[in-house]
Amino acid sequence: MAEVATVRDEGERHLRLINPKAAGPLLVSPMAFWMLAFFLVPLILIILYSVGTQSVYQNGVSLAFDTQWYQQIFTDASTRKAFILTMQMVLINTFGCLIIGYPLAYFISVKSGKRKTLFVLLIMLPFWTSFLVRTYAWITILNNTEGGLVNSWMMSLGLINEPVEMLYTNFAVYLVLIYDYLPFMVLPLFVGIEKIHKSLYEASKDLGAGKWTTLRRVTIPLSMPGIFAGCMLVAIPTTGEFVVPAIIGGGKVVLWGWLIYQAFTAGRNWPLGAALSNVLLVFMLIVVALYLRAIGNKDF
Amino acid sequence: MADGTAVETSVAPTERQRRIHLSLWDRLMGHSDLGLGAWSVLVYVFLYMPVVVLIVFSFNSQKLNVTWEGFTLDWYAMLFRDTAIIDAFVTSMEIAVISTVAAIVIGTFASFSLERFEYRTKMLWDGLNYTKIIIAEIVAGVSSLLFFVQLNEFLLEYLGFNFWSIFSPGYWTVVFAHIAWNIPFAVIIIRARLRGFDRAIEEAGADLGANPATVFFKITLPVIFPGILAASLLCFTLSFDDFVTTFFVIGQNYNTLPVQIWGMVRMGITPEINALSAIMIAVSSVIVIFLELKARISKDIA
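Just so you know, the sequences run in chain order U and C.
Okay, so the first sequence: first residue is 1 according to the working numbering, each after it adds one.
Okay, so the second sequence: first residue is 301 according to the working numbering, each after it adds one.
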């Protein structure tokens with residue numbers, strides 16, 4: 001026994017190139033440097049930048065404390081309108097994806113073998129496809145002229161006589177947001193539902209529960225981690241969305257992300273953009289805190 | 301097996317139990333399997349219809365692109381003659397390769413560190429990675445832009461030397477930002493591989509006299525290689541397709557493919573973008589199918 005132990009120790013010592021106490025921090029240091037320098041420091045900088053006093057056209061920052069941009073954000077009526085619309089979009093997009101995605105995620109999880117792999121792959125494929133391209137694809141379908149796909153179909157079926165305005169409306173933005181974010185919801189939902197042991201469904205059935213009762217009292221409660229994760233993955237990026245409002249909203253649907261984009265491009269007002277971005281950051285931190293509390297409480 | 305015993309030992313629910321448990325909703329859902337299947341088919345149609353429309357119309361000879369006229373490959377030919385698109389494509393490829401290699405090397409080191417060692421700052425690095433992934437990309441984009449502009453000015457003012465302007469928004473700032481964007485994804489995938497790693501085989505190698513380098517290259521690396529491959533392709537795709545961060549930090553003198561597409565889309569629809577999009581979708585699909593066959597990515601995520 002003792003001999004075996006020595007040989008084993010010797011082996012372990014061979015594996016160690018350096019002192020194990022130093023190895024962990026040493027190996028993580030390139031990543032630590034990179035994430036600090038190019039992620040955390042910029043975040044701190046943008047917070048300082050938004051509360052410093054500076055003229056709009058000058059990039060220099062001074063540390064004199066000034067909240068003028070935040071005052072502007074919170075008093076401006078159009079900004080308030082954008083905020084309300086953004087919250088509305090976030091809620092509709094998140095719950096829309098959840099309601100559309102949950103049955104699909106459940107459907108995939110009860111399949112087996114090659115078929116399941118194929119269905120999962122079909123959900124994952126959009127992840128690997130350019131967001132911009134997927135958003136752009138809707139222009140042909142929703143086009144406002146009689147040549148738009150939906151318009152031409154509806155006209156040939158005699159449902160409408162004149163082309164209906166679809167592009168550049170709130171409805172189009174809702175639709176395309178759900179389209180773009182659905183995979184981000186379905187995948188965590190699938191992972192969550194997949195983890196539920198199948199024997200629990202049988203137990204529920206044996207105890208006399210119908211399908212609805214099983215869904216309500218077994219499947220949904222046990223897939224809560226997946227539901228929370230999916231909601232977070234959809235809700236947070238939606239808050240800063242500006243590609244969809246630009247391409248599908250045509251700049252007519254003013255969301256928070258669009259305001260930030262405007263401030264940094266045509267508006268040339270970086271400090272305002274920084275303040276707008278920080279409001280978003282605070283909102284995201286609240287959502288993440290709620291998420292961590294939710295999964296913490298349930299002891300997942 | 302478990303099914304058999306469960307059926308045998310369980311007492312069939314009595315009529316009374318049935319009445320208690322089977323509500324109206326339960327009865328409505330009695331035939332839900334059919335509905336579930338139909339719903340899922342509809343959702344898949346919803347997910348793929350726009351893409352199919354896009355690809356079909358990329359072969360449409362009608363310039364206005366809204367009604368089908370006839371089959372043509374003109375738009376593809378036009379695409380390959382468009383120097384602005386070719387340049388943007390080359391820039392995208394270069395940036396994607398550089399940022400993928402850097403992120404994979406940094407990420408592999410970090411994965412070993414986070415998975416196999418215990419130390420105090422671990423929570424911080426994990427936290428930073430997860431925050432980076434879930435944060436709305438626009439926040440990271442605009443803060444990086446501010447950071448690079450400030451850093452460039454700071455270096456000029458206080459050192460009198462700005463490192464050949466690499467921090468002035470342009471090519472290298474995109475590379476730096478993409479590496480930071482890729483690292484967390486690389487770490488998650490490679491770590492998952494390391495977690496399922498049986499360390500006894502490393503010990504066996506060492507016991508049989510292999511030195512640490514041999515153990516790493518002959519045992520550890522081959523085992524985690526599928527993870528590294530999957531992470532590389534994901535990083536490459538993320539970098540190649542990235543628009544938001546790139547748009548903010550790229551400055552005036554360079555264009556990546558997505559930034560080029562953005563400019564074209566803002567000008568109006570052209571069949572050329574359809575052709576370009578169709579190619580991009582086809583390439584991503586090939587990558588995913590390859591990954592599935594080689595590394596079973598769909599199993600790794602579940």
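Even for Gly, the Cβ is constructed at its ideal location relative to N, Cα and C.
Bridge partners for F65 (chain U) per DSSP, in chain order?
U:G52
Per-residue contacts from P163 (chain U) into chain C (C-beta, under 7 Å)
Chain C residues near P163 (chain U): none, gap ~11 Å exceeds 7 Å.
Per DSSP, what are the beta-bridge partners of F412 (chain C) in this structure?
Answer is none; F412 (chain C) lacks a bridge partner.
According to DSSP, is S310 (chain C) helix, strand or coil?
In this prediction, S310 (chain C) scores a pLDDT of 48, lower than 50, which makes its location untrustworthy; the coordinate-derived value is nonetheless stated afterwards. S310 (chain C) falls in the coil class under three-state DSSP.
Please classify F485 (chain C): does DSSP put it in a helix, a strand, or coil?
helix
In the DSSP output, which residue or residues are listed as bridge partners for F371 (chain C)?
C:N360
Check H197 (chain U) in the structure and name its three-state DSSP category.
coil
Cα separation between G158 (chain U) and G148 (chain U)?
15 Å
Pairs of beta-carbons, one from the stretch 489-496 of chain C and one from the stretch 399-416 of chain C, closer than 8 Å: are there three or more?
yes
What separation, rounded to the nearest whole angstrom, lies between the Cα atoms of M124 (chain U) and P558 (chain C)?
20 Å
How should W153 (chain U) be labelled, buried or exposed, when 16 other C-beta atoms within 10 angstroms of its C-beta is the threshold for buried?
exposed
Determine the DSSP secondary structure at D387 (chain C), reduced to helix, strand or coil.
helix
Touching or not, the stretch 541-551 of chain C and the stretch 474-488 of chain C, by the rule of three or more beta carbon pairs under 8 Å?
yes
Leaving out the 5 sequence neighbours to the left and right, which residues in its chain are closer than 7 Å to L538 (chain C) when beta-carbon positions are compared?
W481, N482, F485
By the 10 Å Cβ neighbour count, where 16 or more other Cβ atoms means buried, how is Y57 (chain U) classified, buried or exposed?
With a pLDDT of only 42 at Y57 (chain U), under the threshold of 50, the placement of this residue in the model should not be trusted, and no figure is reported.
Would you mind sorting G192 (chain U) into buried or exposed? The rule is 16 or more other CB atoms within 10 Å of its CB.
buried
Short check: CB of N574 (chain C) to CB of W368 (chain C), under 9 Å?
no
Starting from the beta carbon of R268 (chain U), find every residue of chain C whose beta carbon is closer than 9 Å, and list them in chain order.
Those within 9 Å of R268 (chain U) in chain C number zero; the least Cβ separation is about 13 Å.
With a cut-off of 8 Å on the beta carbons, I'd call L588 (chain C) and W128 (chain U) a contact; round off their distance for me.
Residue identity check: residue 588 (chain C) is Val in the sequence provided, not Leu. About 5 Å; that satisfies the 8 Å criterion.
Spell out whether any CB of chain C is found under 9 Å from the CB atom of P183 (chain U).
yes
Would you decide whether Q71 (chain U) is buried or exposed? Buried here means 16 or more other CB atoms lie within 10 Å of its CB.
exposed
Cβ closer than 7 Å: which chain U residues qualify as neighbours of I550 (chain C)?
Within 7 Å Cβ-Cβ: nothing; I550 (chain C) doesn't reach chain U, min ~12 Å.
Counted within 10 angstroms of its Cβ, other Cβ atoms place F131 (chain U) as buried (16 or more) or exposed
buried
From the DSSP output, in three-state form, read off Y57 (chain U) for me.
Its pLDDT being 42, under 50, Y57 (chain U) is placed unreliably by the model, and the measurement read from it follows with that caveat. Coil.
Determine, for P484 (chain C), whether the minimum Cβ-Cβ distance to residues of chain U falls below 9 Å.
yes
Compare the C-beta of L159 (chain U) with all C-beta atoms of chain C and state if any pair is closer than 9 Å.
no
Three-state secondary structure (DSSP) of F590 (chain C):
helix
Burial state of G496 (chain C), where buried means 16 or more other Cβ atoms lie within 10 Å:
exposed
Within chain U, the residues that D541 (chain C) reaches when beta carbons sit closer than 9 Å
W128, T129, S130, F131, L132, V133
Compare the Cα-Cα distances from M31 (chain U) to each of C:S392, C:S332, C:G427, C:G370 and report the closest residue.
C:G427
With DSSP collapsed to three states, give me the class of E255 (chain C).
A query on residue 255 (chain C) cannot be resolved here, the shown segment of chain C reaching from 301 to 602 and no further.
Is any beta-carbon of chain C found at less than 9 Å from that of T238 (chain U)?
yes
Under 8 Å by beta carbon: chain C residues contacting K211 (chain U)
D326, M329, G330, S332
L280 (chain U): CB within 8 Å of a non-hydrogen atom of the ligand PLP
Here there are no bound small molecules, and the ligand PLP is not part of this structure.
Can you give the Cα-Cα distance for V282 (chain U) and A23 (chain U), rounded to whole angstroms?
35 Å
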